[in-house]
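Trainee: Residue numbers for the sequence shown follow my numbering, so the first one is 6 and each next one is one higher.
The following block contains the structure, expressed as structure tokens.
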Amino acid sequence: MTAPVTTENKLRERIIELKKGLNAVIMAHNYQLPEVQDIADVTGDSLELAREATRIDCEVIVLCGVLFMAESAAILNPARTVLLSEGTAGCPMADMINVDDLRRWKQRYPKATVVCYVNSSAAVKAESDYCCTSANALKVVDAVPNDEILFVPDMNLGHYVSTKTNKRIILYPGYCNTHHRLTAKHVIRAKQGHPDAVVLVHPECRAEVIEQADAALSTSQMLRYARENSAKTFLVGTEEGLGYRLQRDNPGKIFHVISKSLICPDMKKTTLYEIVRTMERRKNVVIVPEEVRLRAERALDRMLAVV
Ligand code: 13P
Ligand code: SF4
6 MTAPVTTENK LRERIIELKK GLNAVIMAHN YQLPEVQDIA DVTGDSLELA
56 REATRIDCEV IVLCGVLFMA ESAAILNPAR TVLLSEGTAG CPMADMINVD
106 DLRRWKQRYP KATVVCYVNS SAAVKAESDY CCTSANALKV VDAVPNDEIL
156 FVPDMNLGHY VSTKTNKRII LYPGYCNTHH RLTAKHVIRA KQGHPDAVVL
206 VHPECRAEVI EQADAALSTS QMLRYARENS AKTFLVGTEE GLGYRLQRDN
256 PGKIFHVISK SLICPDMKKT TLYEIVRTME RRKNVVIVPE EVRLRAERAL
306 DRMLAVV
């Protein structure tokens, strides 16, 4: 049966055509709009997207997500063109630290090893010793041959790691506007409504939220946990885009995103229309200066060697 002629189907067909013409692969983060996730060749959390970017065979990568994700793909793929699906899609947490801030903190803690969450600019990665994602932060910190760690920029993820390691973690005061909005009260109220539910939250949430949860996991770890766990109902403390994937992959289970305010505006900027425009015009090319790229790649490679 042929698909009905709708604007969405036309855009989808055009994207398929453009992919062939450009020899492109579309990668999308788990928070992207449902129709964007459905058109993607690869979907994943930040770690999976970074890893996949080192294995992909294509000339152009179209990264549907936010700038730091596209920069990671560009850092790991100097020979390929990386297009950011929507030119203004950034990460407010990544913008909470710049190179000058980091240099000041390094002067204050000269003996510390810098572990930098991938939600950061290429320039900040270049100034760091290791990168990590929410899926591997604890493993990376434990693998560092130093007991003093300067963790930037997410204080919530850094604090979560500090509760699981014996190392001294110095926290930089950055946070995700979206996840930081969630409070213990929201979780307690949701649990009252669904007392049998398993509670999964992202480690970018406040400590008081993580204390109320059964597990703190990256977005792809949540997808795996929900698939493998026998519970029928889940309360989810992360950006609402993940709710679509959880429900699609587990039709017999029920997922409630804990708060309606769990929406990252930047993750919602990419539409099928924007993807077509970006590919047609080959715009939003992500350029990382070679001197920065080489140093940022070293921090990413050290992370990829750990996990
Ligand atoms: P994940 O790596 O868990 O997908 O998280 C990325 C992110 O931006 C969370 O806000
Ligand atoms: Fe950044 Fe938060 Fe959006 Fe993730 S959800 S991209 S950390 S602002």
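C-beta: ideal position from N, C-alpha, C; glycine also.
#1: What would DSSP say about T2, mapped onto helix, strand or coil?
#2: What are the boundary residues of the alpha helix (DSSP H) that Y177 is part of?
#3: Cα-Cα, which of M308, A231, I66 and A55 is closest to N255?
#4: Taking contact to mean at least 3 C-beta pairs separated by less than 8 Å, is the region 16–28 in contact with the region 270–288?
#5: Cα-Cα, which of R109, L267 and S223 is closest to V157?
#6: Should V204 and L155 be called a contact, given that it needs their Cβ atoms to be closer than 7 Å?
#7: Going by DSSP in three states, H164 sits in which element: helix, strand or coil?
#8: Among the candidates I263, S264, A140 and R229, whose CA atom is the shortest distance from the CA of L251?
#9: Taking 6 Å as the cut-off, does the CB of V204 come closer than this to any heavy atom belonging to ligand 2?
#10: Can you tell me whether DSSP reads G242 as helix, strand or coil?
#11: For S90, which option in K111, M101, I66 and P178 has the closest C-alpha, if you only look at C-alpha atoms?
#12: According to DSSP, is M227 helix, strand or coil?
#13: Mind checking who Q34 pairs with in its DSSP beta bridge?
#14: So T283 is in the beta strand (DSSP E); what residue range does that whole segment cover?
#15: Using the Cα positions of L143 and E209, report the straight-line distance between them to the nearest angstrom.
#16: With respect to 6 Å, is the separation between the Cβ of V71 and the closest non-hydrogen atom of ligand 2 below this value?
#17: For ligand 1, is there a heavy atom less than 6 Å away from the beta-carbon of D50?
#18: Taking the alpha carbon of A189 as the point to measure from, which residue in P178, V214 and S51 has its own alpha carbon closest?
#19: Do you know whose CA, among H199, T183 and N289, lies nearest A99's CA?
#20: With DSSP as the reference, identify every bridge partner of L309, one or two as the case may be.
#21: Sorry if obvious, but does the Cβ on T224 come closer than 6 Å to a heavy atom of ligand 1?
#22: Confirm the yes/no value for this check: CB of E3, any heavy atom of ligand 2, distance under 6 Å.
#23: Give the single residue among V119, A301, A202 and A212 whose Cα lies nearest to the Cα of D164.
#24: Counting beta carbon pairs with one atom in the region 73–91 and one in the region 287–299, are three or more of them shorter than 8 Å?
#25: Which class does E153 belong to by DSSP, given the choice of helix, strand or coil?
#26: Suppose contacts are defined by Cβ-Cβ distances below 7 Å. Is A94 in contact with V71 by that definition?
#27: Find out if the Cβ-Cβ distance for the pair C69, N28 is shorter than 7 Å.
#28: Using the three-state DSSP reduction, which class does H207 fall into: helix, strand or coil?
#29: With L305 and A55 assumed to form a contact (beta carbons below 8 Å), what rounded beta-carbon distance in angstroms separates them?
#30: Put L187 into one of helix, strand or coil per three-state DSSP.
#31: Would you mind sorting K116 into buried or exposed? The rule is 16 or more other CB atoms within 10 Å of its CB.
Mentor: The structure says:
#1: Residue 2 falls outside the range modelled here, since the chain spans only 6 to 312, and no answer is possible.
#2: Run containing Y177: none; DSSP gives neither H nor E here.
#3: A231
#4: Touching, yes, given that three or more Cβ pairs across the two stretches are closer than 8 Å.
#5: R109
#6: no
#7: helix
#8: The shortest CA-to-CA distance from L251 to any of I263, S264, A140 and R229 is the one to R229.
#9: no
#10: strand
#11: I66
#12: Here M227 sits in helix by DSSP.
#13: With the sequence shown as reference, residue 34 is identified as His, and Gln is not the correct amino acid for it. BP columns for H34 point to G49.
#14: Premise fails: T283 lies in the alpha helix (DSSP H), L277 to R286, not in any beta strand (DSSP E).
#15: Straight-line measurement puts the Cα of E209 at about 13 Å from the Cα of L143.
#16: yes
#17: Yes.
#18: Nearest C-alpha to A189: V214.
#19: T183
#20: Answer is none; L309 lacks a bridge partner.
#21: yes
#22: This structure does not reach residue 3, given that the chain is present from 6 up to 312, and the question cannot be answered.
#23: Residue identity check: residue 164 is His in the sequence provided, not Asp. Here the closest residue by C-alpha is A212.
#24: The answer is yes - the region 73–91 touches the region 287–299, with three or more Cβ pairs under 8 Å.
#25: strand
#26: Taking the C-beta atoms as reference points, V71 is found nearer than 7 Å to A94.
#27: For the 7 Å CB-CB criterion, C69 and N28 do not form a contact.
#28: It is coil, neither helix nor strand.
#29: 7 Å
#30: In the structure shown, L187 adopts coil according to DSSP, grouped into three states.
#31: So K116 ends up on the exposed side.
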